[in-house]
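Peer 1: Before anything else, here's the structure in question.
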Amino acid sequence: MILLGIFDACNGRFAWEIIPTLLGAGILGWLMKHFAGSKKTSIYKNAADTWESKYNRATEEHKSSTQNYQNLLSINEKSIDNYTVKLSVLEKDLATLISENKSTLETLASKEGEIAKFKQQVAGLDASAKQMAKEKESLIGEWDNRWKAINTELSNAKKLEGVLTSKEDELNKLKEQLSNTESQKLQLELRLKSASEIAGKLPGLEAELNTLKQNYSNAETGFASKLNTADLDWKNKLAEQGKKVDSLQNTLDAALAKAAKAGELEKTNTALELELKKVQTAESEMRDKINEQSQQLDKLNKEISHQQLTLQERNKKITALEESLATNNANSSNLKVLETELAAQQSRYNNLATELSGRNTYVHDLESKLKIAGDSSTKLVSKDKELNELKRQHEGLQTELNSLQRLYKEAEAKMALIPTTAFVKKDKKDDLKIVEGVGPKIEELLNQDGILYFEQLADASYVRVRRALDKGGDKFRMHDPGTWGQQADLAARGEWEELKKLQSELDGGRRVVYVTEQASTPVKRDDLKVVEGIGPKIEELLNNAGIYSFEQLANARYERLKTILEEAGPRFQMHDPASWPEQSKLAADNKWEELKALQEKLNAGRKG
Numbered sequence: 130m131i132l133l134g135i136f137d138a139c140n141g142r143f144a145w146e147i148i149p150t151l152l153g154a155g156i157l158g159w160l161m162k163h164f165a166g167s168k169k170t171s172i173y174k175n176a177a178d179t180w181e182s183k184y185n186r187a188t189e190e191h192k193s194s195t196q197n198y199q200n201l202l203s204i205n206e207k208s209i210d211n212y213t214v215k216l217s218v219l220e221k222d223l224a225t226l227i228s229e230n231k232s233t234l235e236t237l238a239s240k241e242g243e244i245a246k247f248k249q250q251v252a253g254l255d256a257s258a259k260q261m262a263k264e265k266e267s268l269i270g271e272w273d274n275r276w277k278a279i280n281t282e283l284s285n286a287k288k289l290e291g292v293l294t295s296k297e298d299e300l301n302k303l304k305e306q307l308s309n310t311e312s313q314k315l316q317l318e319l320r321l322k323s324a325s326e327i328a329g330k331l332p333g334l335e336a337e338l339n340t341l342k343q344n345y346s347n348a349e350t351g352f353a354s355k356l357n358t359a360d361l362d363w364k365n366k367l368a369e370q371g372k373k374v375d376s377l378q379n380t381l382d383a384a385l386a387k388a389a390k391a392g393e394l395e396k397t398n399t400a401l402e403l404e405l406k407k408v409q410t411a412e413s414e415m416r417d418k419i420n421e422q423s424q425q426l427d428k429l430n431k432e433i434s435h436q437q438l439t440l441q442e443r444n445k446k447i448t449a450l451e452e453s454l455a456t457n458n459a460n461s462s463n464l465k466v467l468e469t470e471l472a473a474q475q476s477r478y479n480n481l482a483t484e485l486s487g488r489n490t491y492v493h494d495l496e497s498k499l500k501i502a503g504d505s506s507t508k509l510v511s512k513d514k515e516l517n518e519l520k521r522q523h524e525g526l527q528t529e530l531n532s533l534q535r536l537y538k539e540a541e542a543k544m545a546l547i548p549t550t551a552f553v554k555k556d557k558k559d560d561l562k563i564v565e566g567v568g569p570k571i572e573e574l575l576n577q578d579g580i581l582y583f584e585q586l587a588d589a590s591y592v593r594v595r596r597a598l599d600k601g602g603d604k605f606r607m608h609d610p611g612t613w614g615q616q617a618d619l620a621a622r623g624e625w626e627e628l629k630k631l632q633s634e635l636d637g638g639r640r641v642v643y644v645t646e647q648a649s650t651p652v653k654r655d656d657l658k659v660v661e662g663i664g665p666k667i668e669e670l671l672n673n674a675g676i677y678s679f680e681q682l683a684n685a686r687y688e689r690l691k692t693i694l695e696e697a698g699p700r701f702q703m704h705d706p707a708s709w710p711e712q713s714k715l716a717a718d719n720k721w722e723e724l725k726a727l728q729e730k731l732n733a734g735r736k737g
């Protein structure tokens, strides 16, 4: 009853905590009662007292515990009421959160589709980037091979120009040897003429000697006849005849002297004849040498013609290579388009990265909300797992994005390694008008020929630049591009002070010289070797005489030019400067076609 009463008093709350204590107390009371009504011995009396004392203490403790439990019960009831209110509030908050998280999860579900599409786009962009990298490497390799081939062709062309230059030097030497040979021939002809004059005088001397011999014979015959006819007359005329004999003796002595001289003349004539034969032999040998040199000259001319044809073929190959270079430049433009696309994709990557960053912030906000909701309910655990999965996917996308950015940087690094002299890649062509002698029209002609940058003009051959000017017509043929390559090279290397110094020595792009050290007026120096009949040595003689330009040579008198050649020695006296002023006048007036037509009618500068 007591147990039921206590259980009732507790209203079922905390019952399971006090039941063991109550059971122990009941058992103890039963034992005490049992032992009180049965045998009471001294042995158990003490035990009973002890248990009774313990029971009383237990009863008091139970009462105290009961009071404490009642106090705790009152406090717990208040706490339960408070927790009930809080739980109601939390349940409402949980419902709200679940409602909100439902829309959020729906949004996340929709975003999962977008993320999947984004991953596909990233995969496609990755494949495109790899394909573009392969195409880029292929283009670079192809361009390197073509550029090496172009350099090889240009090297061969330069070697061919060197061979032609050496052949021209040999031809000039042969011309000088021919000039010396002709001079020696003139000297031999003069000596032969002198010998011929002496040989012409010999018959007269012989006739005079024969006359003297005949007179002496006649005198002897007349003396003998007169001696036989009349002794008196002989005696009378003996004295006279003695005188005549003396006179004849004198005449004979004179005749003998003349005969001796005639003998000497005969010896001289014989020597001269021998000398004449030697001269004729030397002349024959000289003619053979001249013929041999002519043959060599013809052979050299044929070889030069062959080399010119070969050079023309090389020029055609170079033109084809330049067209190929233009094609490669077009491919390079395609590469620029690919680079632009790659840059656009990089921009898209950056935008996606920004969007991912925003989504990351949003996900962090959701994570915070889900964490709060997780404290109230375990229903959001699965959503937390989904959120972690989204975070993992986000990290994977970020890793892929970093990989794409690394590939893009590697592509940029490879592009930086491409030689600029191969592609000659600039956003803007160079201002070729900086080169003295190049104006807007000439710059346009050079651009049309594919020369856009200082490096290209510096590497261009004289023949190519000359050909580009010829395409502009006669008015551009007067320009001399001889110094343009040197100026362009200085401009390409940024050596502006050196370029300025060089241009101070030029006039219209040409070098100028001064007639004397004291002179202050510069004179234009033309290439006088353009005039047929003028070689390097004769050009030097004319320069030493103050003739530097076509205009000066055109105004020079024939007598002055002839004097310059004669004063230089026998080897230059054979040259005829009669056509030089006319040729120089055409060159000074830039009438190159007419000059070419005139030179076709000349032979070593001579007409006919």
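Read the sequence shown against my numbering and you will find it ends at 737, with the numbers running on by one and no gaps. Backbone N, C-alpha and C define an ideal beta-carbon position, used for all residues, glycine too. If you're wondering where the values come from, they're calculated on a predicted model, not measured in any experiment.
(1) Where DSSP assigns a beta bridge to R735, which residues make up the other side?
(2) Put D588 into one of helix, strand or coil per three-state DSSP.
(3) If you run the structure through DSSP and keep just helix, strand and coil, what is R639?
(4) How would you call N732, buried or exposed, if buried means at least 16 neighbouring beta carbons within 10 angstroms?
(5) Per DSSP, what kind of secondary structure is G662 in: helix, strand or coil?
(6) Got a sec: does the ligand ATP put a non-hydrogen atom nearer than 6 Å to the Cβ of K691?
(7) Within its chain, find whatever has a CB closer than 6 Å to the CB of E572; leave out the 5 residues flanking it on each side and keep chain order.
(8) Does the distance from the CB of E565 to the CB of L635 come in under 7 Å?
(9) Given this structure, state the Cα-to-Cα distance separating E695 from I667, to the nearest angstrom.
(10) Please classify K730: is it buried, with 16 or more other beta-carbons within 10 angstroms of its beta-carbon, or exposed?
(11) Quick one: measure Cβ to Cβ for A683 and P710, integer angstroms, because I've assumed they're closer than 8 Å.
(12) What separation, rounded to the nearest whole angstrom, lies between the Cα atoms of D655 and Y677?
(13) Note down the Cα distance separating G611 from K570, rounded to an integer number of angstroms.
(14) Give the single residue among Q615, F605 and I693 whose Cα lies nearest to the Cα of A589.
(15) Which residue from W613, G242, G664 and R622 puts its Cα closest to that of Q632?
(16) Over what stretch of residues does the alpha helix (DSSP H) that includes D705 continue unbroken?
(17) Please state whether DSSP places N672 in a helix, a strand or coil.
(18) Would you kindly check if the distance between the Cβ of I693 and the Cβ of A716 is under 7 Å?
(19) Compute the beta-carbon to beta-carbon distance between D609 and R639, rounded to the nearest angstrom, for a pair I have assumed lies under 8 Å.
(20) According to DSSP, is K714 part of a helix, a strand, or is it coil?
(21) Sort L152, E626, L519 and A224 by Cα distance to E243 and report the nearest one.
(22) Helix, strand or coil: which one does DSSP assign to T188?
(23) Can you tell me whether V218 is buried or exposed, with buried defined as 16 or more other CB within 10 angstroms of its CB?
(24) My guess is that S708 and G662 are in contact by the Cβ rule of under 8 Å, so how many angstroms apart are they, rounded?
(25) DSSP state of G602, grouped into three classes?
(26) Could you tell me if D559 is buried or exposed, where buried requires 16 or more neighbouring beta carbons within 10 angstroms of its beta carbon?
(27) If you reduce the DSSP assignment to three classes, tell me which class K221 lands in.
(28) Determine the DSSP secondary structure at A685, reduced to helix, strand or coil.
(29) May I have the straight-line CA-CA distance separating T528 from E264, to the nearest angstrom?
(30) Does DSSP put N274 in a helix, a strand or coil?
Peer 2: In terms of the structure at hand:
(1) The residue given as residue 735 occupies position 606 in the sequence shown. In the DSSP output, where bridge partners are listed per residue, R735 has N732.
(2) As a first step, residue 588 is located in the sequence shown; it is residue number 459 there, counting from the start. Of the three classes helix, strand and coil, the one that applies to D588 here is helix, per DSSP.
(3) Residue mapping note: residue 639 aligns to position 510 of the sequence shown, counting from 1. Strand, per DSSP.
(4) Here residue 732 refers to the residue found at position 603 of the sequence shown. Burial call: exposed.
(5) If you number the sequence shown from 1, residue 662 lands on position 533. Coil.
(6) Judged by which ligands are present, the structure shown has none, so any question about the ligand ATP falls away.
(7) Taking the first residue of the sequence shown as 1, we reach residue 572 at position 443. Within the same chain, E572 has close Cβ partners L561 and K562.
(8) Looking up residue 565 in the sequence shown gives position 436. Looking up residue 635 in the sequence shown gives position 506. Yes, the pair counts as a contact, with Cβ atoms nearer than the cut-off.
(9) Walking along the sequence shown from the start, residue 695 turns up at place 566. Walking along the sequence shown from the start, residue 667 turns up at place 538. Between E695 and I667, the C-alpha separation is close to 12 Å.
(10) Translated into the one-based positions of the sequence shown, residue 730 becomes position 601. Under this definition K730 is an exposed residue.
(11) Locating residue 683 in the sequence shown gives position 554, where the first residue counts as 1. Locating residue 710 in the sequence shown gives position 581, where the first residue counts as 1. Confirmed, about 5 Å.
(12) Residue mapping note: residue 655 aligns to position 526 of the sequence shown, counting from 1. Residue mapping note: residue 677 aligns to position 548 of the sequence shown, counting from 1. So the alpha carbons of these two residues sit roughly 6 Å apart.
(13) Translated into the one-based positions of the sequence shown, residue 611 becomes position 482. Translated into the one-based positions of the sequence shown, residue 570 becomes position 441. Distance between the alpha carbons of G611 and K570: 18 Å.
(14) Residue mapping note: residue 589 aligns to position 460 of the sequence shown, counting from 1. Cα-wise, what sits closest to A589 is Q615.
(15) Walking along the sequence shown from the start, residue 632 turns up at place 503. Minimum Cα distance to Q632 is reached at W613.
(16) Here the question's residue 705 lines up with position 576 in the sequence shown. D705 -> no alpha helix (DSSP H), and no H or E assigned at all.
(17) Within the sequence shown, numbered from 1, the residue matching residue 672 stands at position 543. Reduced to three states, the DSSP call for N672 is helix.
(18) The sequence position of residue 716 within the sequence shown is 587, counting from 1. The sequence position of residue 693 within the sequence shown is 564, counting from 1. Going by C-beta atoms, A716 is not nearer than 7 Å to I693.
(19) Here residue 609 refers to the residue found at position 480 when the sequence shown is read from its first residue. Here residue 639 refers to the residue found at position 510 when the sequence shown is read from its first residue. About 5 Å separates the two Cβ atoms, so the contact holds.
(20) As a first step, residue 714 must be located in the sequence shown, where it is residue number 585. Note: K714 maps to helix in three-state DSSP.
(21) For this step, residue 243 is matched to residue 114 along the sequence shown. Closest option to E243, Cα to Cα, is L519.
(22) Mapped onto the sequence shown, residue 188 falls at position 59. Here T188 sits in helix by DSSP.
(23) As a first step, residue 218 is located in the sequence shown; it is residue number 89 there, counting from the start. Exposed: under 16 other Cβ atoms inside 10 Å.
(24) For the purposes of this step, residue 708 is taken as residue 579 along the sequence shown, with counting starting at 1. For the purposes of this step, residue 662 is taken as residue 533 along the sequence shown, with counting starting at 1. The Cβ separation is near 7 Å, so the contact holds.
(25) Residue 602 sits at position 473 when you count from the first residue of the sequence shown. Reduced to three states, the DSSP call for G602 is coil.
(26) Here residue 559 is taken as the residue at index 430 of the sequence shown, counted from 1. Looking at its Cβ environment, which holds 16 or more other Cβ atoms inside 10 Å, D559 is buried.
(27) Mapped onto the sequence shown, residue 221 falls at position 92. Helix, per DSSP.
(28) Start at 1 with the first residue of the sequence shown, and residue 685 comes out as number 556. Looking at A685 - three-state DSSP - the assignment turns out to be coil, as it is neither helix nor strand.
(29) Sequence index remark: in the sequence shown, residue 528 carries index 399 (1-based). Sequence index remark: in the sequence shown, residue 264 carries index 135 (1-based). T528 and E264: Cα-Cα distance of roughly 25 Å.
(30) Locating residue 274 in the sequence shown gives position 145, where the first residue counts as 1. The answer is helix: DSSP assigns N274 an H, G or I state.
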